[in-house]
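Asker: Here the protein sequences line up with chains A and B, keeping their order.
Residue numbers are given in this note's numbering: position 150 of the first sequence equals residue 322, and the series is strictly consecutive.
Residue numbers are given in this note's numbering: position 156 of the second sequence equals residue 255, and the series is strictly consecutive.
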Amino acid sequence: PFELQQPIFFQDQDIQQVATNFITNYINLWDSNRQGLMVLYQAESQFSMQIDSAHPHTLEVINDLRNGPSGTDFGYYLPLSRNLTKVSSIKSRLNRVGRGPEQIYKMFTQLPKTRHELVNKPLLYSMECLRLPQLNAIMVTLHGSFEEVAAPDNLEALNSSIGGPKGRMSHHNRNKKVALSSKSFDRTLVVIPGPNGSMIVATDLLLVRPFSKILAWNDPTNK
Amino acid sequence: MSAPVQDPSQPIEPFLKKVLGSLDSCYRSATTGQAQFTNVEAYALQFGKQLKPASSVIINGKPVLPLADTIKLEFQKKWLATPLTQHQLNSYDCHLIPGSGVFVIQLSGKVRFDESGRTRLGETADMVSEQTSRPVRPLWGSWFGFDLNMVVDEFVLSNDENEVINSYNYRITYKPQDSVIDI
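#1: Counting beta carbon pairs with one atom in the region 297-311 of chain A and one in the region 220-232 of chain A, are three or more of them shorter than 8 angstroms?
#2: Just mark Arg346 of chain A as buried or exposed, buried being the case when its beta carbon has 16 or more other beta carbons within 10 Å.
#3: Rounded to whole angstroms, what's the CA-CA distance from Leu172 of chain B to Leu144 of chain B? Just pull it up for me.
#4: Can you tell me whether Pro165 of chain B is helix, strand or coil according to DSSP?
#5: Can you give the beta carbon distance from Phe194 of chain A to Val362 of chain A, rounded, assuming they're within the 8 angstroms contact cut?
#6: Taking only three categories from DSSP, how would you classify His229 of chain A?
#7: In chain A, which residues lie less than 9 angstroms from His194 of chain B when you measure between Cβ atoms?
#8: Gly160 of chain B versus chain A: which residues are under 9 angstroms apart at the beta carbon?
#9: Could you confirm whether any beta carbon from chain A is found closer than 8 angstroms to the beta carbon of Arg219 of chain B?
#10: What residue range is occupied by the uninterrupted beta strand (DSSP E) comprising Asp252 of chain B?
#11: My output table needs one value for Pro324 of chain A: the three-state DSSP class, helix, strand or coil.
#12: For a contact meaning CB atoms closer than 9 angstroms, what does Val201 of chain B contact in chain A?
#13: Under 8 angstroms, Cβ to Cβ, is there at least one residue of chain A near Lys274 of chain B?
#14: Quick check: the Cα distance between Arg206 of chain A and Lys177 of chain B, rounded to an integer number of angstroms?
#15: Taking the continuous alpha helix (DSSP H) assigned at Gly208 of chain B, which residues delimit it?
#16: Given that Ala226 of chain A touches chain B, what residues does it touch there, using C-beta distances under 7 angstroms?
#17: Would you call the CB atoms of Tyr248 of chain A and Pro324 of chain A closer than 8 angstroms?
#18: Apart from the five residues on each side of it in sequence, which residues of its chain come closer than 8 angstroms, Cβ to Cβ, to Val259 of chain A?
#19: Do you know how far the Cα of Leu179 of chain B is from the Cα of Trp239 of chain B?
#20: For Gln419 of chain A, report the span of its beta strand (DSSP E) as first-last.
#21: With DSSP as the reference, please indicate the residues paired to Val312 of chain A in a beta bridge.
#22: At a CB-CB cut-off below 8 angstroms, which residues of chain B make contact with Arg254 of chain A?
#23: Tell me whether Glu274 of chain A sits in a helix, a strand or coil according to DSSP, three-state version.
#24: Between which two residues does the alpha helix (DSSP H) containing Ser204 of chain A stretch?
#25: Is it right to say Thr360 of chain A is buried, meaning 16 or more other beta carbons lie within 10 angstroms of its own, or is it exposed?
#26: With a threshold of 8 angstroms between beta carbons, is His315 of chain A in contact with chain B?
#27: Could you check whether the Cβ of Ile170 of chain B sits closer than 8 angstroms to any Cβ belonging to chain A?
#28: From this set, A:Phe219, A:Phe181, A:Asp245 and A:Ser317, which residue's C-alpha is nearest Lys278 of chain A's C-alpha?
#29: Evaluate Lys263 of chain A with the Cβ neighbour count: other Cβ atoms within 10 Å of its Cβ, from every protein chain shown; 16 or more gives buried, anything less gives exposed.
#30: Alpha carbon to alpha carbon, how far is Phe318 of chain A from Ile386 of chain A? Give it in angstroms, no decimals.
#31: Identify whether Pro337 of chain A lies in helix, strand or coil by the three-state DSSP scheme.
#32: Give, in chain order, every residue of the region 194-208 of chain A whose Cβ lies closer than 9 angstroms to some Cβ of chain B.
#33: Look at the alpha carbon of Tyr273 of chain B and the alpha carbon of Ala388 of chain A, and state the distance between them as a whole number of angstroms.
#34: Closest by CA to Gln178 of chain A, which one among B:Gln133, B:Glu214 and B:Pro162?
#35: Could you please give the first and the last residue of the uninterrupted beta strand (DSSP E) stretch that includes Ala153 of chain B?
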């Protein structure tokens with residue numbers, strides 16, 4: 173009943189220009205230099221990350237040699253995950269949101285280093301951009317996948333969660349290396365125009381889920 | 100900036116379940132086969148009833164455009180023509196944007212469709228259909244993955260039955276290969 177799906181939606185042409193440039197530069201810096209993104213975040217900006225490990229996906233991810241057939245390891249993400257269906261203590265619910273550039277940057281350094289192929293393989297991604305008149309903002313949602321290329325710079329959260337009292341398997345895990353692999357994701361950014369043509373990210377929500385080769389937004393017949 | 104003492108996200112989860120539940124509701128009771136709504140219109144009007152009449156609705160990258168009706172009514176008409184669904188919430192996160200009075204909510208989960216060939220009203224395209232009085236059970240297909248982003252008025256905290264959704268962006272992120280469903 174709904175019209176045929178399309179991978180990319182822009183509410184109007186202005187948005188198309190702004191959002192495409194924005195997201196391309198954003199992802200480029202996310203892969204190469206996350207510090208370079210911090211100019212986009214201000215004191216009231218918020219960032220958080222959630223894992224949906226039960227999201228449907230294909231089971232044939234085994235061709236990732238470094239990962240082996242062990243399934244997807246979310247070890248680096250779990251200590252930060254703000255999946256609110258799973259995190260019930262008020263303290264954790266509040267602590268897992270980064271507010272302001274300092275906290276947000278710290279969280280960025282606790283996530284694995286990545287490579288997105290937005291420029292080389294745009295068909296792997298889909299995106300919607302729409303205006304939020306209440307905020308004079310645009311909301312950009314990007315769906316796709318990335319490859320993890322290195323462990324996070326900052327392992328503080330990982331180590332404290334492993335060594336913590338609630339780590340049932342703390343002895344096993346202490347020296348375990350978390351396997352790197354590809355992941356799929358959805359990321360929603362609310363961007364507000366700032367002074368002098370600058371942009372401010374008011375809200376940044378990242379959802380990480382198991383990698384899936386099959387993309388719902390591409391017609392399999394024209395692959 | 101002082102840390103907030105209260106967690107405003109607590110009442111969001113029941114709200115999300117109500118929204119998804121409204122999309123999944125059945126016209127007929129699964130046990131008795133009796134219609135649970137006074138008429139089809141009443142059934143259609145409860146799909147996503149928390150949407151504002153002029154909210155932005157985007158389904159798989161395509162906006163729902165109002166023809167004669169509001170966007171909300173157009174969405175409800177289209178949703179009525181989809182097969183019966185079952186949504187499951189796996190994960191959500193949200194931010195209250197300071198000073199704006201709105202939450203940005205991102206949620207994800209899985210959804211499956213009735214692949215028996217019946218519409219939500221229990222009708223099939225078969226010319227000859229067996230007449231039966233017993234309730235017809237849906238034939239659930241494989242799980243799809245979905246990601247939904249919404250902008251919702253802060254007012255949702257005090258009344259989650261009202262029209263509070265400003266924008267609704269629904270995207271199927273994973274489609275099982277054994278399914279023939281396309282919405």
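The C-beta atom is built at its ideal place from N, Cα and C for all residues, glycine as well.
Answerer: According to the structure shown:
#1: As far as the Cβ criterion goes, the region 220-232 of chain A does not touch the region 297-311 of chain A, which means the pair count is below three.
#2: Here residue 346 of chain A is taken as the residue at index 174 of the first sequence, counted from 1. Reliability fails at Arg346 of chain A, whose pLDDT of 48 lies under 50, so the model's placement of it is uncertain and the value that follows must be treated cautiously. Counting C-beta atoms within 10 angstroms of its own C-beta, Arg346 of chain A has fewer than 16 neighbours from the protein chains shown and is therefore classed as exposed.
#3: Sequence index remark: in the second sequence, residue 172 of chain B carries index 73 (1-based). Sequence index remark: in the second sequence, residue 144 of chain B carries index 45 (1-based). Approximately 7 angstroms between the Cα atoms of the pair.
#4: Within the second sequence, residue 165 of chain B is the residue found at index 66, counting from 1. Reduced to three states, the DSSP call for Pro165 of chain B is coil.
#5: For this step, residue 194 of chain A is matched to residue 22 along the first sequence. For this step, residue 362 of chain A is matched to residue 190 along the first sequence. So it is not a contact: roughly 12 angstroms between Cβ atoms.
#6: Within the first sequence, the letter at position 57 stands for residue 229 of chain A. Coil.
#7: Residue 194 of chain B sits at position 95 when you count from the first residue of the second sequence. Those are Gln218, Phe219, Ser220, Val269, Val362, Ala374, Thr375, Asp376 and Leu377, listed as they occur along chain A.
#8: What you label residue 160 of chain B is simply residue 61 of the second sequence in a count that begins at 1. The answer, in chain order, is Gln177, Gln178, Pro179, Ile180, Phe181, Ser298, Met299, Glu300 and Trp389.
#9: For this step, residue 219 of chain B is matched to residue 120 along the second sequence. Chain A, which has no Cβ nearer than 8 angstroms to the Cβ of Arg219 of chain B, makes this no.
#10: The residue given as residue 252 of chain B occupies position 153 in the second sequence. That run of the beta strand (DSSP E) goes Phe243 to Asp252.
#11: For this step, residue 324 of chain A is matched to residue 152 along the first sequence. The answer is coil: DSSP assigns Pro324 of chain A none of H, G, I, E or B.
#12: Reading the second sequence from its first residue, position 102 is the one you call residue 201 of chain B. Within 9 angstroms Cβ-Cβ: Leu304, Gln306 and Leu307.
#13: Against the second sequence, residue 274 of chain B aligns to sequence position 175. For Lys274 of chain B, the nearest beta carbon of chain A is closer than 8 angstroms to its own beta carbon.
#14: Counted from its first residue, the first sequence places residue 206 of chain A at position 34. Counted from its first residue, the second sequence places residue 177 of chain B at position 78. C-alpha of Arg206 of chain A to C-alpha of Lys177 of chain B: approximately 42 angstroms in a straight line.
#15: Mapped onto the second sequence, residue 208 of chain B falls at position 109. Element bounds for Gly208 of chain B: not the alpha helix (DSSP H) but the beta strand (DSSP E), Val201 to Phe212.
#16: Walking along the first sequence from the start, residue 226 of chain A turns up at place 54. The answer, in chain order, is Asn189.
#17: What you label residue 248 of chain A is simply residue 76 of the first sequence in a count that begins at 1. What you label residue 324 of chain A is simply residue 152 of the first sequence in a count that begins at 1. Yes. Within cutoff.
#18: Taking the first sequence and counting its residues from 1, the one referred to as residue 259 of chain A is at position 87. Excluding sequence neighbours, Val259 of chain A sits near Ser253, Arg265 and Arg268.
#19: Looking up residue 239 of chain B in the second sequence gives position 140. Looking up residue 179 of chain B in the second sequence gives position 80. Looking at the backbone, the Cα of Trp239 of chain B and that of Leu179 of chain B are separated by about 17 angstroms.
#20: Chain A is shown only over 173 to 395; residue 419 of chain A falls outside these bounds and no answer can be derived.
#21: Indexing the first sequence from 1 puts residue 312 of chain A at position 140. Val312 of chain A has A:Cys301 and A:Leu361 as its beta-bridge partners, per DSSP.
#22: Sequence index remark: in the first sequence, residue 254 of chain A carries index 82 (1-based). Neighbours of Arg254 of chain A on chain B, chain order: Asp192.
#23: In the first sequence, the residue the question calls residue 274 of chain A occupies position 102. If DSSP states are grouped into helix, strand and coil, Glu274 of chain A belongs with the helices.
#24: Indexing the first sequence from 1 puts residue 204 of chain A at position 32. Where Ser204 of chain A is concerned, the enclosing alpha helix (DSSP H) starts and stops at Gln185 to Ser204.
#25: On the first sequence, residue 360 of chain A is found 188 positions in, with the first residue counted as 1. With 16 or more other Cβ atoms from the protein chains shown falling within 10 Å of its own Cβ, Thr360 of chain A counts as buried.
#26: Taking the first sequence and counting its residues from 1, one reaches residue 315 of chain A at position 143. Under the 8 angstroms criterion on CB atoms, His315 of chain A is classed as interfacial with respect to chain B.
#27: Working through the second sequence from its first residue, we reach residue 170 of chain B at position 71. Any Cβ of chain A closer than 8 angstroms to the Cβ of Ile170 of chain B would place that residue at the interface, and such an atom is absent.
#28: Position 106 of the first sequence, counted from the start, is the residue given in the question as residue 278 of chain A. Minimum Cα-Cα distance from Lys278 of chain A among the listed residues A:Phe219, A:Phe181, A:Asp245 and A:Ser317 corresponds to A:Phe219.
#29: As a first step, residue 263 of chain A must be located in the first sequence, where it is residue number 91. With fewer than 16 other Cβ atoms from the protein chains shown falling within 10 Å of its own Cβ, Lys263 of chain A counts as exposed.
#30: One-based indexing of the first sequence puts residue 386 of chain A at position 214. One-based indexing of the first sequence puts residue 318 of chain A at position 146. Rounded to whole angstroms, Ile386 of chain A to Phe318 of chain A spans 14 angstroms at the Cα level.
#31: Stepping through the first sequence from its first residue, residue 337 of chain A is reached at position 165. Unreliable positioning characterises Pro337 of chain A in this predicted model, as indicated by a pLDDT of 49, which lies under 50. A coordinate reading is not provided.
#32: Interface annotation for the region 194-208 of chain A against chain B: empty, criterion Cβ-Cβ distance under 9 angstroms.
#33: What you label residue 273 of chain B is simply residue 174 of the second sequence in a count that begins at 1. What you label residue 388 of chain A is simply residue 216 of the first sequence in a count that begins at 1. Straight-line Cα distance between these residues: approximately 5 angstroms.
#34: In the first sequence, residue 178 of chain A corresponds to position 6, counting from 1. Closest option to Gln178 of chain A, Cα to Cα, is B:Pro162.
#35: In the second sequence, the residue the question calls residue 153 of chain B occupies position 54. Segment Leu150 to Ile158, the beta strand (DSSP E) holding Ala153 of chain B.
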